[in-house]
Amino acid sequence: MTFAPANAGISSLKPYQPGKPISELERELGITDIVKLASNENPLGCSESVKQAVSDAIAEIGRYPDGGGFILKDQIEKQFGFGHAHITLGNGSNDLLEMFARAFVSEKDSVVYSQHAFAVYSLVAQAINAEAIEVPAKGFAHDLAAMAAAVKENTKLIFIANPNNPTGTWFEEAEFEQFMQQVPAHVIVVLDEAYVEYFPENFNSLKFLKQYPNLIVSRTLSKCYGLAALRVGFALASVEVTDYLNRIRQPFNVNHLAMVAAVAALQDTAFIELSREVNKAGMKQLEDGVTALGLSYVPSRANFLLIDVQADPAATFNALLKEGVIVRPVGIPNHLRVSIGTESENAKFLTALAKVLGREAKA
Ligand code: PMP
993 MTFAPANAGI SSLKPYQPGK PISELERELG ITDIVKLASN ENPLGCSESV
1043 KQAVSDAIAE IGRYPDGGGF ILKDQIEKQF GFGHAHITLG NGSNDLLEMF
1093 ARAFVSEKDS VVYSQHAFAV YSLVAQAINA EAIEVPAKGF AHDLAAMAAA
1143 VKENTKLIFI ANPNNPTGTW FEEAEFEQFM QQVPAHVIVV LDEAYVEYFP
1193 ENFNSLKFLK QYPNLIVSRT LSKCYGLAAL RVGFALASVE VTDYLNRIRQ
1243 PFNVNHLAMV AAVAALQDTA FIELSREVNK AGMKQLEDGV TALGLSYVPS
1293 RANFLLIDVQ ADPAATFNAL LKEGVIVRPV GIPNHLRVSI GTESENAKFL
1343 TALAKVLGRE AKA
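Here the sequence shown stands for residues 993 to 1355, numbered as in my numbering.
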């Protein structure tokens, strides 16, 4: 080898496996009419006002975007009540998750997260060669008390998802409050709320931000807002934490069309309402359909359902692909994660699942 090897964490790192794109399955199997329920996207796509805003802004792409993200930060301030000095913009929230680790964690430090949590938490810890402390889940959910107890002298950061992906599990405010009180004030707590828009009545994270300067709330526009392809996320935190994050943020990490689209998406509250309704109806359809097949699922407050298929997940996933349905194996034995789709997408999935598992729906 003529070049220095990558750092130890990166040498052994297995990269994130995204959901299979529709175009890839089309190429592989030569079939069309594919349903993708693999990446927790909004099955309605994005709102009409977003399309209009992006098309109106297309002539401006010859110039660099506003590196400070003024228009988007202004919209976020209007809507969530935190000023520009509390906001960090990300190229999707994955970009932010990496920034959090890079800003606060070094090789000598440890990062705490739960078993069955979002895969990127362990990847960003490993990439900087930090010690990863994975705390066993309680059932499928985060065990917040155990996570607080797992904090060591060298712990710098804790990743928490509420609701969690891939399990859909959630916790209530009282449990979180207790957790925050147990965690030492110098440890950064990342509360990843990628799915919060689907059940907003569940939890008010923003009030905790005022109380805990070590708390970061992370949001994305990839899910309910329907902008997955454009890559926009934002973090709310104390001025001190936000200052550190913005020192390492790439100056143009959120592009102009993404920012324009994000402003329009945040303003279109009717689209969010509709997306929520479609999700609730779709969740019920999948829950009922799965139950009728004699299967069980993990109750979810997100836009996906973790189903116990009582079969090998990889084999079931591959059999579903042949039926034109893309879902997601998530490394949990016997389980597959299925994003909530439109009524017809959900119906196609349920029919395909019954076929590949050789099960019949009972009324
Ligand atoms: N956090 C969680 C819990 C997620 O499920 C996802 C998307 N799968 C993300 C963060 C990252 O999403 P994005 O980078 O598209 O904002």
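Backbone N, C-alpha and C fix where the C-beta goes; we use that ideal spot for every residue, glycine too.
Item	Value
Inter-residue CB distance, Glu1185 and Arg1211 (contact presumed, cutoff 8 angstroms)	6 angstroms
Close Cβ partners of Gln1071 (< 8 angstroms) along its chain, the five nearest in sequence each way excluded	Leu1258
Span of the beta strand (DSSP E) around Gly1225	Gly1225 to Leu1228
Neighbourhood of Ser1106 by C-beta, 6 angstroms cutoff - its chain only, sequence neighbours within 5 removed	Val1127, Ala1129 and His1134
Cβ neighbour criterion (16 or more within 10 Å) applied to Arg1293	buried
Other residues of its chain near Met1172: CB distance less than 6 angstroms, five sequence neighbours each side excluded	Tyr1204
Cα-Cα separation between Ala1166 and Leu1183, rounded to whole angstroms	15 angstroms
For Arg1268, three-class secondary structure by DSSP	helix
Three-pair Cβ contact test at 8 angstroms for the region 1060-1080 versus the region 1265-1274	no
Whether Gln1067 touches Val1246 by CB criterion (8 angstroms)	no
Residue environment, Asn1310, which counts as buried when at least 16 other CB atoms sit within 10 Å	exposed
Proximity of Cys1038 and Leu1285 at Cβ, strictly below 8 angstroms	no
Check: Ser1114 C-beta below 7 angstroms from any heavy atom of the ligand PMP	no
Exposure label - Pro1158; buried when at least 16 CB within 10 Å	buried
Reference Gly1022, options Gly1316, Glu1352, Lys1347 and Ala1273, closest by Cα	Gly1316
Cβ contact check for the region 1147-1156 and the region 1093-1106: 3 or more pairs under 8 angstroms	yes
At least three beta-carbon pairs within less than 8 angstroms, the region 999-1015 to the region 1023-1032	yes
Which of helix, strand or coil DSSP assigns to Arg1329	strand
Those runs of the alpha helix (DSSP H) which lie wholly inside the region 1141-1223 and span at least 4 residues	1165-1174 and 1198-1203
Any heavy atom of the ligand PMP nearer than 5 angstroms to the CB - residues listed	Gly1084, Ser1085, Asn1086, Phe1110, Ala1153, Asn1157, Asp1184, Ala1186, Thr1212, Ser1214 and Gly1225
Ser1288 - containing beta strand (DSSP E), residue span	Ser1288 to Val1290
When Arg1351, Phe1296 and Phe1062 are compared against Thr1161, the one with the closest alpha-carbon	Phe1296
Member of Val1097, Leu1115, Phe1110 and Leu1036 whose CA lies at the smallest distance from the CA of Gly1001	Leu1115
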